[in-house]
Amino acid sequence: MGMFTRMSDIVQANINAILDKAEDPAKVIKLLIQEMEETLVELRSVAATNLAEKKQVQRQADKLQQQINAWQAKATLAVEKDREDLARAALGEKHLCQQKLSALTDEQVVVDESLSKLQADMGKLQDKLVEARAKQKSLIVRERSVAVRMTVKNRVHSVKIDDAIMRFEQYERRIDDLESQVDAYDLVNESQGLHAQFNELEAESQIEQELEALRKKVA
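If you use our numbering, the sequence shown corresponds to residues 1 to 219, in order.
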């Protein structure tokens with residue numbers, strides 16, 4: 001599979017769909033990221049080669065333009081000196097340089113278009129790589145969360161936790177019983193105090209009656 005074909009497949013791929021079909025999503029996403037990183041390195045290498053070629057073509061174009069200017073100046077000088085033969089030869093060399101420059105210009109266009117496409121492809125691939133890495137982090141977080149939840153559920157259903165809950169409930173019932181006893185004691189004390197007051201009133205009344213009877217008897 002060629003690099004650009006592989007890159008195109010990666011860019012057009014739906015990461016979620018790939019992971020949904022995978023038996024081991026974590027392994028698949030890891031391989032996808034590795035594939036993207038390798039393809040991105042290759043694209044950068046091709047882009048670097050194209051940039052070097054562009055600079056070389058630009059240097060050749062600049063050199064040809066200097067030659068064109070020089071031959072133009074020589075043709076002008078020959079005309080001024082009435083040497084049309086030399087002027088004609090200088091213009092001929094100038095035209096040859098212009099043809100070469102035109103070919104280089106076409107080559108520059110091809111190189112620039114290739115670089116633009118490479119930059120666009122690298123941008124798309126970089127976006128996919130960011131998406132894949134984010135998906136990988138999400139899978140890791142979900143995996144850890146499931147592991148923690150499973151551990152907690154296992155502990156909740158363990159015998160030790162059940163025993164601890166039962167002991168807590170027993171302790172809670174003991175506290176309720178003690179509180180009930182205290183409340184009952186307060187009610188008894190309150191009732192006994194009320195009876196004592198009435199008994200005291202009745203005793204005083206009896207004493208007053210006996211005292212009155214003695215007074216009448218003495219009188």
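Built from N, CA and C at the ideal position, the CB exists for glycine as well.
Taking the CB atoms as reference points, tell me whether residue i and residue j lie closer together than 9 Å.
{"i": "Leu115", "j": "Leu32", "result": "no"}
{"i": "Gln136", "j": "Leu40", "result": "no"}
{"i": "Arg101", "j": "Glu37", "result": "Strictly speaking, residue 101 in this sequence is Leu, with Arg absent from that position. No. Outside cutoff."}
{"i": "Ala61", "j": "Leu104", "result": "yes"}
With distances taken from CA atoms, which of the options is nearest residue i?
{"i": "Leu118", "options": "Ala48, Glu169, Leu201, Ala26", "result": "Ala48"}
{"i": "Val28", "options": "Glu169, Met166, Ile140", "result": "Ile140"}
{"i": "Pro25", "options": "Ser138, Gly123, Leu77, Glu200", "result": "Ser138"}
Please check the pair residue i and residue j, which I expect to be a contact at CB under 8 Å, by giving their CB distance rounded to whole angstroms.
{"i": "Leu43", "j": "Asp121", "result": "6 Å"}
When every heavy atom of the ligand FAD is checked, does at least one fall within less than 8 Å of the C-beta of residue i?
{"i": "Lys100", "result": "Looking for the ligand FAD in the displayed structure turns up nothing, as the structure carries no ligands at all."}
The segment 89-107 touching the segment 64-73, judged by at least three CB pairs closer than 8 Å:
yes
Examine the Cβ distances between the segment 81-95 and the segment 55-64 and report whether three or more of them are shorter than 8 Å.
no
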